[in-house]
Amino acid sequence: MRYAWTKEAEFVSRPNRFVAEVILDGVREKVHVKNTGRCREILVPGTRVVLSDSRNPGRKYRYDLIAAWKGDLLINIDSQAPNRAFHEHILRGEVFGPPSVVHPECTHGDSRFDFYVESGDRRIFAEVKGVTLEHDGVCRFPDAPTERGLKHVRGLAECVTEGYEAYAVFVVQMGRMTLFEPNADTDPDFARGLAEAEDAGVRVLCLGCDVEPDSMDISYGIPHRLTRSRRSPSSCSRWCPAPAGP
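For the record, in the sequence shown the residue sitting at position 175 is 401 according to our numbering, with numbers rising by one throughout.
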């Protein structure tokens with residue numbers, strides 16, 4: 227996925243979860259933050275950030291803050307980017323094979339999932355979560371407690387009982403990651419729920435991205451380790467395993 231117009235700036239502060247103050251071309255300016263999460267480890271004063279220029283004079287804030295450097299690692303923090311990148315990934319046939327049906331934002335039962343896909347005889351529900359939290363090559367989700375996320379993984383498990391394939395997809399919005407784990411310290415309920423969902427047949431798929439100031443593209447698979455035990459991380463094919471046989 228691509229951004230049409232981008233500029234670099236210096237992060238100053240975040241008065242609220244929707245707005246940041248930056249220094250852009252020597253001028254202090256307010257911009258919209260395309261992520262309502264905390265991002266405390268990323269958005270610190272003095273950090274270089276990337277802005278997307280809407281070029282819309284009618285907007286309250288002309289620019290969106292979409293990415294930031296953490297040392298020499300560029301992290302995309304645009305909360306809409308994971309779904310856009312994964313949608314492109316589906317359409318290319320990279321993850322489930324050539325799709326015949328792709329429905330974004332599909333309701334099933336009591337849950338609304340990001341994608342419903344049909345490919346050959348496969349019927350698939352997928353829920354996508356963006357990951358921006360990392361430490362020493364290990365990325366984690368969530369960065370704050372998420373009741374909605376827990377509801378989604380439980381809903382995916384219900385889909386499996388009805389004969390669908392179900393995927394919990396974690397799109398890691400940065401490069402160079404070597405392992406994904408649920409953030410049990412921040413949200414132990416989600417960590418347990420994800421492990422229970424995998425035990426029930428939900429496939430956990432972790433995908434890393436090549437991130438540039440004007441783009442983010444899924445490019446590699448990441449092994450994951452859930453909190454049911456300290457056993458070795460799951461093996462990881464390039465994207466995801468083929469469906470199980472009968």
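Glycine included, every Cβ here is placed at the ideal spot set by N, Cα and C.
Open item on the list: Using only the alpha-carbon positions, how far apart do leucine 433 and aspartate 298 sit?
Closed with: Working through the sequence shown from its first residue, we reach residue 433 at position 207. Working through the sequence shown from its first residue, we reach residue 298 at position 72. Computed Cα separation, rounded: 20 Å.
- [ ] For the beta strand (DSSP E) holding arginine 274, just list the boundary residues, first then last.
- [x] Locating residue 274 in the sequence shown gives position 48, where the first residue counts as 1. Taken as a continuous stretch (DSSP letters only), the beta strand (DSSP E) holding arginine 274 covers 274 to 279.
- [ ] Please state if the CB of valine 259 and the CB of valine 248 are separated by a distance shorter than 7 Å.
- [x] Stepping through the sequence shown from its first residue, residue 248 is reached at position 22. Stepping through the sequence shown from its first residue, residue 259 is reached at position 33. Going by C-beta atoms, valine 248 is not nearer than 7 Å to valine 259.
Open item on the list: To the nearest angstrom, how far is the alpha carbon of serine 441 from that of valine 275?
Closed with: On the sequence shown, position 215 is the one that residue 441 refers to. On the sequence shown, position 49 is the one that residue 275 refers to. When rounded, the distance between both Cα atoms is 14 Å.
Open item on the list: My output table needs one value for isoleucine 350: the three-state DSSP class, helix, strand or coil.
Closed with: For the purposes of this step, residue 350 is identified with residue 124 of the sequence shown, where counting begins at 1. Strand, per DSSP.
- [ ] Determine the direct distance from the alpha carbon of threonine 262 to that of phenylalanine 244, and round the result to whole angstroms.
- [x] On the sequence shown, residue 244 is found 18 positions in, with the first residue counted as 1. On the sequence shown, residue 262 is found 36 positions in, with the first residue counted as 1. Whole-angstrom Cα-Cα distance: 6 Å.
- [ ] Kindly indicate which three-state DSSP category phenylalanine 367 falls into: helix, strand or coil?
- [x] Counting from one through the sequence shown, the residue named residue 367 turns up at place 141. Phenylalanine 367 falls in the strand class under three-state DSSP.
Open item on the list: Going by the DSSP bridge assignment, what does tyrosine 557 pair with across the sheet?
Closed with: The chain is shown from 227 up to 472; residue 557 falls before or after that span and cannot be answered.
TODO: May I ask which residues mark the beginning and end of the alpha helix (DSSP H) holding leucine 317?
DONE: Your numbering for residue 317 matches position 91 in the sequence shown. From DSSP, the alpha helix (DSSP H) with leucine 317 extends over 307 to 317.
TODO: May I have the straight-line CA-CA distance separating phenylalanine 312 from aspartate 340, to the nearest angstrom?
DONE: For this step, residue 312 is matched to residue 86 along the sequence shown. For this step, residue 340 is matched to residue 114 along the sequence shown. Approximately 10 Å, taken between the alpha carbons.
Task: Span of the alpha helix (DSSP H), counted from its first residue to its last, around histidine 258 - done: Locating residue 258 in the sequence shown gives position 32, counting from the first residue. Taken as a continuous stretch (DSSP letters only), histidine 258 belongs to no alpha helix (DSSP H), being part of the beta strand (DSSP E) at 253 to 259.
Task: Distance between arginine 254 and arginine 266 (C-alpha atoms, nearest Å) - done: The sequence position of residue 266 within the sequence shown is 40, counting from 1. The sequence position of residue 254 within the sequence shown is 28, counting from 1. Near 21 Å, if we compare the C-alpha coordinates of arginine 254 and arginine 266.
Task: Rounded straight-line distance, which links the Cα of threonine 412 to that of proline 449 - done: As a working mapping, residue 449 is identified with position 223 in the sequence shown. As a working mapping, residue 412 is identified with position 186 in the sequence shown. Taking the straight line joining both Cα atoms gives about 21 Å.
Open item on the list: Under 8 Å: do the region 303 to 319 and the region 338 to 354 share three or more Cβ pairs, one atom per stretch?
Closed with: yes
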